[in-house]
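Here's the structure, in structure tokens; my notes come after.
Protein chains: 4
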Amino acid sequence: MPGPEQPDREQVTAEDAIRVLDHGFVRLDDAMADDLSVANAARVSFARRKEEMDDADRGLIGFLMRERHGTPFEHNAFRFHVRCPIFVAREWFRHRISSFNEFSMRYAKASDDFYVPAPEDVRTQVGKPGAYTFEPVDAELAERTRAELRAVYDAAYAAYERLVEAGVARELARAALPVGAYTEFFWTVNARALMNFISLRNAEAAQREIRLYATACEALFARHMPVTHAAFVANERRAP
Amino acid sequence: MPGPEQPDREQVTAEDAIRVLDHGFVRLDDAMADDLSVANAARVSFARRKEEMDDADRGLIGFLMRERHGTPFEHNAFRFHVRCPIFVAREWFRHRISSFNEFSMRYAKASDDFYVPAPEDVRTQVGKPGAYTFEPVDAELAERTRAELRAVYDAAYAAYERLVEAGVARELARAALPVGAYTEFFWTVNARALMNFISLRNAEAAQREIRLYATACEALFARHMPVTHAAFVANERRAP
Amino acid sequence: MPGPEQPDREQVTAEDAIRVLDHGFVRLDDAMADDLSVANAARVSFARRKEEMDDADRGLIGFLMRERHGTPFEHNAFRFHVRCPIFVAREWFRHRISSFNEFSMRYAKASDDFYVPAPEDVRTQVGKPGAYTFEPVDAELAERTRAELRAVYDAAYAAYERLVEAGVARELARAALPVGAYTEFFWTVNARALMNFISLRNAEAAQREIRLYATACEALFARHMPVTHAAFVANERRAP
Amino acid sequence: MPGPEQPDREQVTAEDAIRVLDHGFVRLDDAMADDLSVANAARVSFARRKEEMDDADRGLIGFLMRERHGTPFEHNAFRFHVRCPIFVAREWFRHRISSFNEFSMRYAKASDDFYVPAPEDVRTQVGKPGAYTFEPVDAELAERTRAELRAVYDAAYAAYERLVEAGVARELARAALPVGAYTEFFWTVNARALMNFISLRNAEAAQREIRLYATACEALFARHMPVTHAAFVANERRAP
Numbered sequence: 027m028p029g030p031e032q033p034d035r036e037q038v039t040a041e042d043a044i045r046v047l048d049h050g051f052v053r054l055d056d057a058m059a060d061d062l063s064v065a066n067a068a069r070v071s072f073a074r075r076k077e078e079m080d081d082a083d084r085g086l087i088g089f090l091m092r093e094r095h096g097t098p099f100e101h102n103a104f105r106f107h108v109r110c111p112i113f114v115a116r117e118w119f120r121h122r123i124s125s126f127n128e129f130s131m132r133y134a135k136a137s138d139d140f141y142v143p144a145p146e147d148v149r150t151q152v153g154k155p156g157a158y159t160f161e162p163v164d165a166e167l168a169e170r171t172r173a174e175l176r177a178v179y180d181a182a183y184a185a186y187e188r189l190v191e192a193g194v195a196r197e198l199a200r201a202a203l204p205v206g207a208y209t210e211f212f213w214t215v216n217a218r219a220l221m222n223f224i225s226l227r228n229a230e231a232a233q234r235e236i237r238l239y240a241t242a243c244e245a246l247f248a249r250h251m252p253v254t255h256a257a258f259v260a261n262e263r264r265a266p
Numbered sequence: 027m028p029g030p031e032q033p034d035r036e037q038v039t040a041e042d043a044i045r046v047l048d049h050g051f052v053r054l055d056d057a058m059a060d061d062l063s064v065a066n067a068a069r070v071s072f073a074r075r076k077e078e079m080d081d082a083d084r085g086l087i088g089f090l091m092r093e094r095h096g097t098p099f100e101h102n103a104f105r106f107h108v109r110c111p112i113f114v115a116r117e118w119f120r121h122r123i124s125s126f127n128e129f130s131m132r133y134a135k136a137s138d139d140f141y142v143p144a145p146e147d148v149r150t151q152v153g154k155p156g157a158y159t160f161e162p163v164d165a166e167l168a169e170r171t172r173a174e175l176r177a178v179y180d181a182a183y184a185a186y187e188r189l190v191e192a193g194v195a196r197e198l199a200r201a202a203l204p205v206g207a208y209t210e211f212f213w214t215v216n217a218r219a220l221m222n223f224i225s226l227r228n229a230e231a232a233q234r235e236i237r238l239y240a241t242a243c244e245a246l247f248a249r250h251m252p253v254t255h256a257a258f259v260a261n262e263r264r265a266p
Numbered sequence: 027m028p029g030p031e032q033p034d035r036e037q038v039t040a041e042d043a044i045r046v047l048d049h050g051f052v053r054l055d056d057a058m059a060d061d062l063s064v065a066n067a068a069r070v071s072f073a074r075r076k077e078e079m080d081d082a083d084r085g086l087i088g089f090l091m092r093e094r095h096g097t098p099f100e101h102n103a104f105r106f107h108v109r110c111p112i113f114v115a116r117e118w119f120r121h122r123i124s125s126f127n128e129f130s131m132r133y134a135k136a137s138d139d140f141y142v143p144a145p146e147d148v149r150t151q152v153g154k155p156g157a158y159t160f161e162p163v164d165a166e167l168a169e170r171t172r173a174e175l176r177a178v179y180d181a182a183y184a185a186y187e188r189l190v191e192a193g194v195a196r197e198l199a200r201a202a203l204p205v206g207a208y209t210e211f212f213w214t215v216n217a218r219a220l221m222n223f224i225s226l227r228n229a230e231a232a233q234r235e236i237r238l239y240a241t242a243c244e245a246l247f248a249r250h251m252p253v254t255h256a257a258f259v260a261n262e263r264r265a266p
Numbered sequence: 027m028p029g030p031e032q033p034d035r036e037q038v039t040a041e042d043a044i045r046v047l048d049h050g051f052v053r054l055d056d057a058m059a060d061d062l063s064v065a066n067a068a069r070v071s072f073a074r075r076k077e078e079m080d081d082a083d084r085g086l087i088g089f090l091m092r093e094r095h096g097t098p099f100e101h102n103a104f105r106f107h108v109r110c111p112i113f114v115a116r117e118w119f120r121h122r123i124s125s126f127n128e129f130s131m132r133y134a135k136a137s138d139d140f141y142v143p144a145p146e147d148v149r150t151q152v153g154k155p156g157a158y159t160f161e162p163v164d165a166e167l168a169e170r171t172r173a174e175l176r177a178v179y180d181a182a183y184a185a186y187e188r189l190v191e192a193g194v195a196r197e198l199a200r201a202a203l204p205v206g207a208y209t210e211f212f213w214t215v216n217a218r219a220l221m222n223f224i225s226l227r228n229a230e231a232a233q234r235e236i237r238l239y240a241t242a243c244e245a246l247f248a249r250h251m252p253v254t255h256a257a258f259v260a261n262e263r264r265a266p
């Protein structure tokens, strides 16, 4: 996968929701985000403020990005609603400069949706730690992988249901559920932390599954802050 | 000053700006904030979501506050524009879970506005560290204090101007400026961190000047998230 | 379980390691932590510093805790090495004011240790969300639960091994592994954030499994900062 | 000033204290920091741990730095004691991923130490915002600057003392004190955040005064984590 995936703006529906994987999505629940706020936050340094973007603002945003003046990119917020497999969520929740609220398998019954990769997403790893590359497997192994996963998921969920049915606390019965199970959460983050997330997760070194989610987030980000996004890309996709 | 100051909603103008001290203000530049988002963030635990607040939501918000479930209060943002004396800003910037961009005395010329307390705000401290109380001083000392401060401010600013005029770098000439000088900044913060700020700064132990700013922030907060604010007050003004 | 579990100092071995659950542990890898640093950090307010604790310091620490002066409790560090089930780690990693490095199932092969609760730890939930209580189940259901979990674990791990053996990337094959699987990580945290963790996780509302880990952390904390720990307990176990 | 200042290890005394400016210092009060902890934190990914550094560890640290795996650099702590002018402290306190406790001018009487630049440190700014360079001024202006600052400081401190003497609360009287006044604080920070501080503050774009402090911090950092410091320098002084 050479270079970052291009966010496809066509995928973005009127409701700001993008389907990802077999049962997941990224949906922008709300946002307080535009490029002008970046320029105005920076301009408070000079006690100046504008109502509309102009070319000077575009130049300023590029300058801030290049020179690593990061704080002007923090005066905004994106609230995402995400549905993804647990193993994706586990990587996501490592991003500490943001806010999470997740579906609780202590309080509610787990869903029976599990991630089964599309055949073309089943892959083998080549090389050594720190420098893996991934290649597709043949059709037979792809299908076998899907079947193995489905079998484990079915057996695990059946055991989970039997235990819950028998009265075992949900928080304990969930121990049986594979990390391929879907979870969902709200995620609120500012553009600076979001760019950091995108730079690490829509990248070659990232796992394919979270990369697809990061690509979706990037599309929604680019739509609300196009000048900032362009400056981020021009800056070799490094967050300021 | 017994108990927290009551935020006066009448002070809040159509533009969400409140005057504070002799040359300062708090202005809500933008917000993505309502009570419903708290309930919906909490309800993602059960994969439920609503479009309008009802009594169950009010009860839920009270429950979250009491039981210290803090994260549902983070999925929102307030962007304030603040003008205050440097000694107030220094306390304000200690609040790390938020974003700041400040007027720069390296890049721009300092303003010549300085804080001179109203006569009734000049006070003496009684008691010992950790348990000070403050009492008004007599009219003569109040006036003398104002005169002393004005004289220092005038002399300091005149020296600053002479140095800048003579070509000394602004970043160095500013060393002469007293912490009573006004500065301004953008501050973006979520409701959880904002409640923490308010609980510490609109409180008896806080310095009178920052308390007036915190009172203004509280009025703007209460206007956008009245149910959350009421739950905060009912919880003895402790942030969750 | 009425009130917090008492940390048992006898459990703490010479190596600062405490066994938890069937295959887990908490080990204090290193620490820069003592009570004196709290008093000295607070005393920088008065430009004073001591070499040894005395009664005034004990009083000061109690005062800081009660009055919610939290920052003096941050000038220290505990580095823990933890081994626990994934579902415990998922709650743990929600604590953002700290640092984590975890075993990677992308880079290395998953261990075949899984959490099987002791019979007396199998429980049923009574009541409704927000107010659950838990009660033991009868011996038969306890044993059945253990058997069900073991069967799922065995089947899942066998499938995982077959997939890895067949060449499927580890990062994908892991989707089959239940959240009862053990993981391990390093966790570095200061006393203020650690007290927040303990107050929430060694508490009645916490899940039994993470509570046992929090109890272990509390024992190690109490050993290095006994005065701070006592003040925390006296303050109704609320972090400042 | 071409390139970053070289930290001078000779300046570091046995007590880990370095004098900076006319009345300031940086002193390392305590540290839990070595290069091995970086390698071990990273190796928990593979469940491996060592007691001594070897060449593989050095290579690993370089790899982590280049590939922006930042978290292994967080499992350590440096506690600094700093004395610097207020205008330097104001820039310092913008670094939120760290802990501060500062001398309080509310609780204690301000010191009468103020920053007067050495003649060769008096400078003029050339160019425009975002691209300033600084050049020395002639001897006469340097001396005049020092005299102007001294006069303001003396007048301000005399007014402050008169007000405090007359009974005005210290927290209010301090409004007269210039930002050239010295303050002191404890600062606790991990290596990752410290590298971020150094990369921004021991840099050409930083103000000369804070740069000297950052240079001192860098010398102390390099002494405790020489391999990490070398990797940081090799990585163009960008924090991971």
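If you're matching them up, the sequences are chains A, B, C and D in order.
Numbering-wise (the working numbering), the first sequence opens with residue 27 and increments by one.
Numbering-wise (the working numbering), the second sequence opens with residue 27 and increments by one.
Numbering-wise (the working numbering), the third sequence opens with residue 27 and increments by one.
Numbering-wise (the working numbering), the fourth sequence opens with residue 27 and increments by one.
Heads up, the beta-carbon is just placed ideally off N, CA and C, and yes, glycines get one too.
This one's a predicted model, so the numbers in the text were calculated from it and none came from an experiment.
Interface partners of residue i on chain B, CB under 7 Å
{"i": "L203(D)", "result": "P204, V205"}
{"i": "L198(D)", "result": "P143, V148, R149"}
{"i": "G153(D)", "result": "Ordered by position in chain B, no residue passes the 7 Å Cβ test against G153(D), which lies about 11 Å from the chain."}
Outcome for residue i when other beta-carbon atoms lying within 10 angstroms are tallied against a minimum of 16
{"i": "G85(C)", "result": "exposed"}
{"i": "E93(C)", "result": "exposed"}
{"i": "P204(A)", "result": "buried"}
{"i": "G96(B)", "result": "buried"}
{"i": "V259(B)", "result": "exposed"}
{"i": "E235(C)", "result": "buried"}
{"i": "A144(B)", "result": "exposed"}
{"i": "G153(C)", "result": "exposed"}
{"i": "P162(B)", "result": "exposed"}
Residue i - partner residues in DSSP beta bridges
{"i": "I44(B)", "result": "V52(B)"}
{"i": "V103(C)", "result": "The question names Val, but residue 103(C) in the sequence shown is Ala. Paired residue(s): M58(C)."}
{"i": "C110(D)", "result": "T209(D)"}
{"i": "F140(D)", "result": "A207(D)"}
Three-state class that DSSP yields for residue i in the structure shown
{"i": "P204(D)", "result": "strand"}
{"i": "S125(B)", "result": "strand"}
{"i": "F247(B)", "result": "helix"}
{"i": "E78(B)", "result": "coil"}
{"i": "V269(D)", "result": "Chain D is shown only over 27 to 266; residue 269(D) falls outside these bounds and no answer can be derived."}
{"i": "V152(A)", "result": "strand"}
{"i": "R35(D)", "result": "For R35(D), the pLDDT reaches just 44, beneath the cut-off of 50, and the residue's location in the model is therefore unreliable, although a value from the coordinates is still provided. R35(D): helix per DSSP, three-state reduction."}
{"i": "E161(D)", "result": "strand"}
{"i": "Y133(D)", "result": "coil"}
{"i": "N228(D)", "result": "coil"}
{"i": "F119(B)", "result": "coil"}
{"i": "E169(D)", "result": "helix"}
{"i": "R94(D)", "result": "coil"}
Contact set between residue i and chain C, taken where Cβ atoms lie within less than 7 Å
{"i": "E187(D)", "result": "Here the premise fails: no neighbours, minimum Cβ distance about 17 Å."}
{"i": "A103(D)", "result": "M58, A103"}
Chain-ordered chain A contacts of residue i [CB-CB under 8 Å]
{"i": "P266(B)", "result": "Result: empty, since nearest Cβ-Cβ is about 13 Å, beyond 8 Å."}
Listed by chain order, chain C residues near residue i by CB distance under 8 Å
{"i": "F126(D)", "result": "T97"}
{"i": "E174(A)", "result": "A185, R188, L189, A202"}
Per-residue contacts from residue i into chain D (C-beta, under 7 Å)
{"i": "V178(B)", "result": "A181, A182, A185, A202"}
Amino acids of chain B, ordered along the chain, whose beta-carbon sits closer than 9 Å to that of residue i
{"i": "N216(A)", "result": "A103, S125, T214"}
Chain-ordered chain D contacts of residue i [CB-CB under 9 Å]
{"i": "G193(B)", "result": "T150, Q151, V163, L167"}
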